[in-house]
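> Numbering (this note's numbering), first residue to last: 231 to 560. Following this message is one structure expressed as C-alpha coordinates.
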(Lines of atoms letter the chains of each structure in order from A and count residues from 1; the text may use other names and numbers.)
(Lines give C-alpha, C1' and ligand atoms only; values in the text may rest on other atoms or scores of the structure.)
Protein backbone atom coordinates (compact mmCIF):
# COMPACT_ATOMS: atom_id res chain seq x y z
CA UNK A 1 0.00 0.00 0.00
CA UNK A 2 2.76 2.46 0.90
CA UNK A 3 5.35 1.26 -1.60
CA UNK A 4 6.38 4.01 -4.03
CA UNK A 5 4.13 6.49 -2.18
CA UNK A 6 4.86 9.85 -0.57
CA UNK A 7 4.06 9.98 3.15
CA UNK A 8 4.14 13.15 5.23
CA UNK A 9 4.23 13.19 9.04
CA UNK A 10 3.40 16.42 10.86
CA UNK A 11 5.26 16.67 14.14
CA UNK A 12 7.53 14.05 12.63
CA UNK A 13 10.48 14.53 14.99
CA UNK A 14 8.48 13.41 18.04
CA UNK A 15 8.52 9.94 19.62
CA UNK A 16 5.77 8.64 17.35
CA UNK A 17 7.13 10.28 14.20
CA UNK A 18 10.58 8.78 14.61
CA UNK A 19 9.26 5.30 15.36
CA UNK A 20 6.78 5.47 12.47
CA UNK A 21 9.53 6.59 10.11
CA UNK A 22 11.68 3.63 11.17
CA UNK A 23 8.70 1.31 10.69
CA UNK A 24 8.08 2.60 7.16
CA UNK A 25 11.73 2.26 6.18
CA UNK A 26 11.91 -1.31 7.53
CA UNK A 27 8.63 -2.59 6.07
CA UNK A 28 7.95 -0.62 2.89
CA UNK A 29 9.72 1.06 0.01
CA UNK A 30 8.23 4.55 0.08
CA UNK A 31 9.07 6.98 -2.65
CA UNK A 32 9.53 9.75 -0.09
CA UNK A 33 8.92 10.42 3.61
CA UNK A 34 8.48 14.08 4.52
CA UNK A 35 9.14 15.12 8.11
CA UNK A 36 7.22 18.33 8.77
CA UNK A 37 8.03 20.07 12.07
CA UNK A 38 9.16 23.40 13.48
CA UNK A 39 12.28 22.42 15.48
CA UNK A 40 15.40 22.59 13.31
CA UNK A 41 17.62 20.97 15.95
CA UNK A 42 15.36 17.92 16.31
CA UNK A 43 15.33 17.64 12.53
CA UNK A 44 19.14 17.74 12.53
CA UNK A 45 19.28 14.93 15.10
CA UNK A 46 16.72 12.84 13.20
CA UNK A 47 18.51 13.39 9.91
CA UNK A 48 21.73 12.16 11.55
CA UNK A 49 19.96 9.09 12.90
CA UNK A 50 18.62 8.13 9.46
CA UNK A 51 21.59 9.37 7.45
CA UNK A 52 21.62 6.30 5.19
CA UNK A 53 18.16 7.26 3.91
CA UNK A 54 18.90 10.74 2.57
CA UNK A 55 17.50 9.71 -0.80
CA UNK A 56 14.08 9.04 0.78
CA UNK A 57 13.76 11.41 3.75
CA UNK A 58 12.92 15.08 3.32
CA UNK A 59 12.82 17.58 6.18
CA UNK A 60 10.46 20.56 6.02
CA UNK A 61 10.70 23.30 8.62
CA UNK A 62 7.16 24.51 9.15
CA UNK A 63 4.28 24.96 11.57
CA UNK A 64 0.76 23.60 11.14
CA UNK A 65 -0.40 27.13 11.97
CA UNK A 66 1.06 28.24 8.62
CA UNK A 67 -1.48 27.29 5.96
CA UNK A 68 0.73 28.38 3.09
CA UNK A 69 3.66 26.27 4.21
CA UNK A 70 1.39 23.23 4.59
CA UNK A 71 0.05 23.78 1.08
CA UNK A 72 3.60 23.73 -0.26
CA UNK A 73 4.61 20.68 1.80
CA UNK A 74 1.51 18.66 0.80
CA UNK A 75 2.16 19.01 -2.93
CA UNK A 76 2.45 15.49 -4.39
CA UNK A 77 1.78 13.77 -1.03
CA UNK A 78 -0.27 10.56 -0.98
CA UNK A 79 -0.74 9.97 2.77
CA UNK A 80 -0.54 12.24 5.81
CA UNK A 81 -0.23 11.23 9.46
CA UNK A 82 -1.02 14.25 11.60
CA UNK A 83 0.88 13.97 14.88
CA UNK A 84 1.69 17.65 15.53
CA UNK A 85 0.01 19.11 18.61
CA UNK A 86 0.51 20.93 21.85
CA UNK A 87 0.16 18.01 24.28
CA UNK A 88 1.25 19.12 27.75
CA UNK A 89 -1.86 19.72 29.87
CA UNK A 90 -0.36 22.46 32.12
CA UNK A 91 1.15 24.29 29.13
CA UNK A 92 -2.22 24.29 27.35
CA UNK A 93 -4.00 25.52 30.50
CA UNK A 94 -1.57 28.41 30.88
CA UNK A 95 -1.39 29.20 27.14
CA UNK A 96 -4.93 28.48 25.90
CA UNK A 97 -4.83 30.65 22.80
CA UNK A 98 -1.58 29.03 21.67
CA UNK A 99 -3.12 25.57 22.14
CA UNK A 100 -6.12 26.62 20.06
CA UNK A 101 -3.86 27.96 17.30
CA UNK A 102 -1.95 24.68 17.05
CA UNK A 103 -4.53 22.02 17.86
CA UNK A 104 -7.65 23.53 16.26
CA UNK A 105 -6.48 26.07 13.68
CA UNK A 106 -3.62 23.73 12.76
CA UNK A 107 -6.08 20.87 12.20
CA UNK A 108 -8.15 23.12 9.93
CA UNK A 109 -5.04 24.02 7.92
CA UNK A 110 -4.09 20.33 7.54
CA UNK A 111 -7.60 19.54 6.28
CA UNK A 112 -7.62 22.43 3.80
CA UNK A 113 -4.18 21.55 2.45
CA UNK A 114 -5.10 17.87 2.09
CA UNK A 115 -8.28 18.70 0.18
CA UNK A 116 -6.60 21.23 -2.09
CA UNK A 117 -3.65 18.94 -2.81
CA UNK A 118 -5.76 15.77 -3.31
CA UNK A 119 -4.07 13.79 -0.55
CA UNK A 120 -5.49 10.24 -0.56
CA UNK A 121 -5.77 9.69 3.20
CA UNK A 122 -5.16 11.65 6.38
CA UNK A 123 -4.94 9.88 9.74
CA UNK A 124 -4.99 12.21 12.75
CA UNK A 125 -3.64 11.15 16.14
CA UNK A 126 -6.00 11.84 19.03
CA UNK A 127 -6.02 11.19 22.77
CA UNK A 128 -8.20 9.79 25.54
CA UNK A 129 -8.31 13.34 26.90
CA UNK A 130 -10.59 14.30 24.00
CA UNK A 131 -13.27 12.04 25.52
CA UNK A 132 -15.42 13.92 28.06
CA UNK A 133 -12.66 16.57 28.29
CA UNK A 134 -11.95 18.30 31.58
CA UNK A 135 -8.94 20.34 30.45
CA UNK A 136 -8.19 22.65 27.54
CA UNK A 137 -5.90 20.17 25.82
CA UNK A 138 -8.72 17.62 25.75
CA UNK A 139 -11.16 20.27 24.56
CA UNK A 140 -8.94 21.30 21.66
CA UNK A 141 -8.40 17.67 20.63
CA UNK A 142 -12.15 17.01 20.78
CA UNK A 143 -12.69 19.88 18.34
CA UNK A 144 -9.81 18.59 16.21
CA UNK A 145 -11.36 15.12 16.06
CA UNK A 146 -14.72 16.57 15.04
CA UNK A 147 -13.04 18.63 12.32
CA UNK A 148 -11.28 15.62 10.82
CA UNK A 149 -14.43 13.51 10.88
CA UNK A 150 -16.61 16.24 9.37
CA UNK A 151 -13.96 17.00 6.72
CA UNK A 152 -15.21 13.94 4.85
CA UNK A 153 -18.39 15.87 4.04
CA UNK A 154 -16.30 18.33 2.01
CA UNK A 155 -14.49 15.85 -0.21
CA UNK A 156 -17.09 15.92 -3.01
CA UNK A 157 -15.45 14.51 -6.11
CA UNK A 158 -12.06 14.52 -4.40
CA UNK A 159 -10.80 11.13 -3.25
CA UNK A 160 -9.39 12.37 0.06
CA UNK A 161 -10.50 10.70 3.29
CA UNK A 162 -9.94 11.60 6.94
CA UNK A 163 -9.96 9.34 10.00
CA UNK A 164 -8.81 9.44 13.63
CA UNK A 165 -6.86 7.09 15.89
CA UNK A 166 -7.23 7.46 19.66
CA UNK A 167 -4.98 6.31 22.48
CA UNK A 168 -3.57 7.61 25.77
CA UNK A 169 0.00 8.42 26.75
CA UNK A 170 2.41 6.08 25.01
CA UNK A 171 4.48 4.11 27.53
CA UNK A 172 7.95 5.62 27.78
CA UNK A 173 7.24 8.65 25.61
CA UNK A 174 8.08 12.18 26.72
CA UNK A 175 5.56 13.37 29.30
CA UNK A 176 4.51 9.87 30.40
CA UNK A 177 4.98 8.61 33.94
CA UNK A 178 7.72 6.03 33.25
CA UNK A 179 10.53 8.48 32.35
CA UNK A 180 9.38 10.67 35.26
CA UNK A 181 9.73 7.77 37.71
CA UNK A 182 13.07 6.78 36.14
CA UNK A 183 14.49 10.26 36.63
CA UNK A 184 13.45 10.29 40.29
CA UNK A 185 15.03 6.86 40.83
CA UNK A 186 18.26 7.92 39.11
CA UNK A 187 18.43 10.83 41.53
CA UNK A 188 18.18 8.44 44.48
CA UNK A 189 14.61 9.00 45.64
CA UNK A 190 13.24 6.69 48.31
CA UNK A 191 9.61 7.59 47.63
CA UNK A 192 7.62 7.77 44.40
CA UNK A 193 4.77 10.31 44.17
CA UNK A 194 1.39 8.78 43.28
CA UNK A 195 -1.37 11.21 42.34
CA UNK A 196 -4.07 8.83 43.59
CA UNK A 197 -3.79 5.24 44.76
CA UNK A 198 -6.90 4.28 42.75
CA UNK A 199 -5.65 5.75 39.44
CA UNK A 200 -5.51 3.49 36.36
CA UNK A 201 -4.23 3.88 32.83
CA UNK A 202 -4.22 1.94 29.56
CA UNK A 203 -0.89 0.50 28.40
CA UNK A 204 0.08 1.15 24.81
CA UNK A 205 3.60 1.24 23.38
CA UNK A 206 4.88 2.89 20.21
CA UNK A 207 4.63 -0.32 18.21
CA UNK A 208 0.93 -0.69 19.08
CA UNK A 209 0.37 2.97 18.22
CA UNK A 210 1.93 2.47 14.80
CA UNK A 211 -0.13 -0.69 14.24
CA UNK A 212 -3.31 1.29 14.93
CA UNK A 213 -2.30 3.97 12.43
CA UNK A 214 -1.59 1.29 9.83
CA UNK A 215 -5.03 -0.23 10.49
CA UNK A 216 -6.59 3.14 9.78
CA UNK A 217 -4.51 3.66 6.64
CA UNK A 218 -5.51 0.25 5.30
CA UNK A 219 -9.20 0.18 6.20
CA UNK A 220 -10.58 3.70 6.58
CA UNK A 221 -13.13 5.07 4.16
CA UNK A 222 -13.36 8.36 6.02
CA UNK A 223 -14.86 9.41 9.35
CA UNK A 224 -13.92 6.42 11.52
CA UNK A 225 -12.26 6.62 14.93
CA UNK A 226 -9.96 3.68 15.74
CA UNK A 227 -9.15 2.57 19.31
CA UNK A 228 -6.73 -0.24 20.25
CA UNK A 229 -7.83 -3.07 22.56
CA UNK A 230 -5.13 -2.84 25.20
CA UNK A 231 -4.64 -3.82 28.86
CA UNK A 232 -4.99 -1.55 31.88
CA UNK A 233 -2.67 -1.15 34.84
CA UNK A 234 -2.75 0.50 38.24
CA UNK A 235 -0.29 3.34 38.81
CA UNK A 236 0.63 1.75 42.14
CA UNK A 237 1.49 -1.51 40.37
CA UNK A 238 3.73 0.37 37.93
CA UNK A 239 5.56 1.97 40.85
CA UNK A 240 6.04 -1.48 42.47
CA UNK A 241 7.33 -2.84 39.15
CA UNK A 242 9.90 -0.06 38.75
CA UNK A 243 11.02 0.18 42.38
CA UNK A 244 9.85 -2.67 44.62
CA UNK A 245 11.58 -1.25 47.69
CA UNK A 246 10.41 2.34 47.28
CA UNK A 247 7.70 3.87 49.37
CA UNK A 248 4.74 5.57 47.69
CA UNK A 249 3.31 8.92 48.64
CA UNK A 250 -0.15 10.05 47.52
CA UNK A 251 0.14 13.65 46.36
CA UNK A 252 -3.27 14.36 44.83
CA UNK A 253 -4.57 14.63 41.28
CA UNK A 254 -3.06 17.48 39.27
CA UNK A 255 -5.11 20.09 37.45
CA UNK A 256 -6.88 18.65 34.40
CA UNK A 257 -6.01 15.04 35.29
CA UNK A 258 -8.48 12.15 35.27
CA UNK A 259 -8.69 9.17 37.60
CA UNK A 260 -9.20 6.76 34.67
CA UNK A 261 -8.73 6.95 30.92
CA UNK A 262 -11.87 6.66 28.78
CA UNK A 263 -11.57 5.78 25.10
CA UNK A 264 -15.21 5.05 24.20
CA UNK A 265 -18.22 6.61 25.94
CA UNK A 266 -21.57 4.92 26.49
CA UNK A 267 -23.07 7.43 24.05
CA UNK A 268 -20.66 6.21 21.35
CA UNK A 269 -21.66 2.58 21.87
CA UNK A 270 -24.53 2.88 19.38
CA UNK A 271 -22.01 3.31 16.56
CA UNK A 272 -19.09 1.21 17.84
CA UNK A 273 -17.95 -2.17 16.49
CA UNK A 274 -15.43 -4.54 18.04
CA UNK A 275 -12.76 -6.35 16.01
CA UNK A 276 -9.74 -8.50 16.77
CA UNK A 277 -7.35 -6.06 18.37
CA UNK A 278 -9.31 -2.81 18.01
CA UNK A 279 -12.62 -0.96 18.12
CA UNK A 280 -14.05 1.40 15.50
CA UNK A 281 -16.48 4.23 16.22
CA UNK A 282 -18.26 4.83 12.93
CA UNK A 283 -19.52 8.34 12.13
CA UNK A 284 -23.10 9.24 12.92
CA UNK A 285 -23.47 11.50 9.90
CA UNK A 286 -25.95 11.63 7.04
CA UNK A 287 -23.12 11.26 4.51
CA UNK A 288 -22.08 7.91 6.04
CA UNK A 289 -23.76 5.04 4.17
CA UNK A 290 -25.06 2.43 6.58
CA UNK A 291 -24.81 -0.50 4.21
CA UNK A 292 -22.60 -3.43 5.16
CA UNK A 293 -19.96 -2.55 2.59
CA UNK A 294 -19.05 0.58 4.53
CA UNK A 295 -18.01 -1.41 7.56
CA UNK A 296 -14.88 -3.47 8.06
CA UNK A 297 -16.12 -7.09 7.83
CA UNK A 298 -16.26 -9.51 10.77
CA UNK A 299 -17.01 -6.84 13.34
CA UNK A 300 -19.41 -7.22 16.24
CA UNK A 301 -21.52 -4.31 17.44
CA UNK A 302 -20.87 -3.57 21.10
CA UNK A 303 -23.70 -3.74 23.61
CA UNK A 304 -25.75 -0.60 24.28
CA UNK A 305 -24.15 1.45 27.03
CA UNK A 306 -20.71 -0.11 26.54
CA UNK A 307 -17.87 2.10 27.82
CA UNK A 308 -14.17 1.48 27.29
CA UNK A 309 -12.62 2.66 30.54
CA UNK A 310 -9.21 1.82 32.00
CA UNK A 311 -10.82 1.35 35.42
CA UNK A 312 -13.38 -1.22 34.23
CA UNK A 313 -11.29 -2.96 31.57
CA UNK A 314 -11.37 -6.76 31.39
CA UNK A 315 -7.63 -7.13 30.77
CA UNK A 316 -5.04 -6.07 33.39
CA UNK A 317 -1.26 -6.13 33.62
CA UNK A 318 0.28 -7.65 36.73
CA UNK A 319 3.31 -6.23 38.54
CA UNK A 320 5.46 -8.99 37.00
CA UNK A 321 4.22 -8.18 33.50
CA UNK A 322 4.84 -4.48 34.04
CA UNK A 323 8.36 -5.23 35.27
CA UNK A 324 9.06 -7.15 32.08
CA UNK A 325 7.55 -4.46 29.84
CA UNK A 326 9.52 -1.66 31.47
CA UNK A 327 12.74 -3.70 31.23
CA UNK A 328 12.07 -4.34 27.55
CA UNK A 329 11.93 -0.58 26.92
CA UNK A 330 15.54 -0.08 28.07
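For glycine and all other residues, C-beta sits at the position ideal for the given N, C-alpha and C. Predicted, not measured: the structure shown is a model, and the values here were computed from it.
Residue 423 lies in the beta strand (DSSP E); which residues open and close that run?
421-424
> Beta-carbon within less than 8 Å of residue 420's beta-carbon, same chain only, minus the 5 sequence neighbours each way: which residues are those?
When the five nearest sequence neighbours on each side are left out, the beta carbons in the same chain lying within less than 8 Å of the beta carbon of residue 420 are those of 476 and 477, in order along the chain.
> If I measure Cβ to Cβ from residue 495 and keep anything under 8 Å in the same chain, skipping five residues before and after, which residues do I get?
The beta carbon of residue 495 lies closer than 8 Å to those of 361, 362 and 537 in the same chain, with the five residues before and after it left out.
> Can you list the alpha helix (DSSP H) stretches of 4 or more residues lying completely in the region 486-558, in chain order?
549-558
> Between which two residues does the beta strand (DSSP E) holding residue 464 run?
462-464
> Are there 16 or more other CB atoms within 10 angstroms of the CB of residue 327, so buried, or fewer, so exposed?
exposed
> For residue 393, tell me which candidate among 402, 380 and 403 has the shortest Cα-Cα distance.
380
> Check each candidate in 244, 307, 238 and 534 and name the one with the smallest Cα separation from residue 403.
When each option's Cα is compared against that of residue 403, the closest is 244.
> Out of 551, 532, 490 and 513, state which residue places its alpha-carbon closest to the alpha-carbon of residue 542.
490
> Which residue or residues does DSSP assign as beta-bridge partners of residue 238?
264 and 310
> Considering just the uninterrupted stretch of the alpha helix (DSSP H) at residue 383, what are its terminal residues?
Looking at the DSSP string, residue 383 is not in any alpha helix (DSSP H), and its letter there is neither H nor E.
> How big is the Cα-Cα spacing for residue 468 and residue 553?
8 Å
> For residue 468, which of helix, strand or coil comes out of DSSP?
helix
> Output yes or no for whether 8 Å exceeds the beta carbon distance between residue 508 and residue 531.
no
> Beta-carbon separation of residue 329 and residue 316 under 8 Å?
yes
> Here's a check: name, in chain order, each residue in its chain whose Cβ is nearer than 7 Å to the Cβ of residue 480, leaving out the five neighbours to either side.
Contacts found: 424, 426 and 427.
> Looking at C-alpha atoms only, which residue of 303, 506, 486 and 528 is the closest neighbour of residue 366?
486
> Following the continuous alpha helix (DSSP H) through residue 352, name the residue where it begins and the one where it ends.
It is not in any alpha helix (DSSP H) - residue 352 instead sits in the beta strand (DSSP E) that spans 351-357.
> Report the residue from 283, 254, 278 and 287 whose alpha carbon sits nearest the alpha carbon of residue 265.
The residue with the shortest Cα to Cα distance from residue 265 is 287.
> Note down the Cα distance separating residue 277 from residue 430, rounded to an integer number of angstroms.
37 Å
> Does the Cβ-Cβ distance between residue 299 and residue 293 come in under 8 Å?
yes
> Is it the case that the Cβ atoms of residue 238 and residue 258 are separated by a distance below 8 Å?
no
> Please report the straight-line C-alpha distance between residue 382 and residue 471, rounded to a whole angstrom.
One C-alpha to the other measures close to 44 Å.
> Quick one: using the 10 Å Cβ neighbour count with 16 as the cut-off for buried, is residue 457 buried or exposed?
buried
> By DSSP's criteria, residue 478 is part of a beta bridge. Which residues make up the other side?
422
> Which residue comes first and which comes last in the alpha helix (DSSP H) that contains residue 288?
Secondary structure note for residue 288: it is in no alpha helix (DSSP H), and the uninterrupted beta strand (DSSP E) holding it is 287-291.
> Tell me the rounded alpha-carbon separation between residue 369 and residue 550.
36 Å
> Beta-carbon within less than 7 Å of residue 247's beta-carbon, same chain only, minus the 5 sequence neighbours each way: which residues are those?
239, 241, 265 and 313
> State the Cα-Cα distance for the pair residue 499 and residue 510, rounded to the nearest angstrom.
10 Å
> Counting along the chain, where does the alpha helix (DSSP H) carrying residue 411 start and finish?
407-416
> Just to confirm before moving on: does the CB-CB distance between residue 308 and residue 389 stay below 8 Å?
no
> Per DSSP, what are the beta-bridge partners of residue 394 in this structure?
354 and 455
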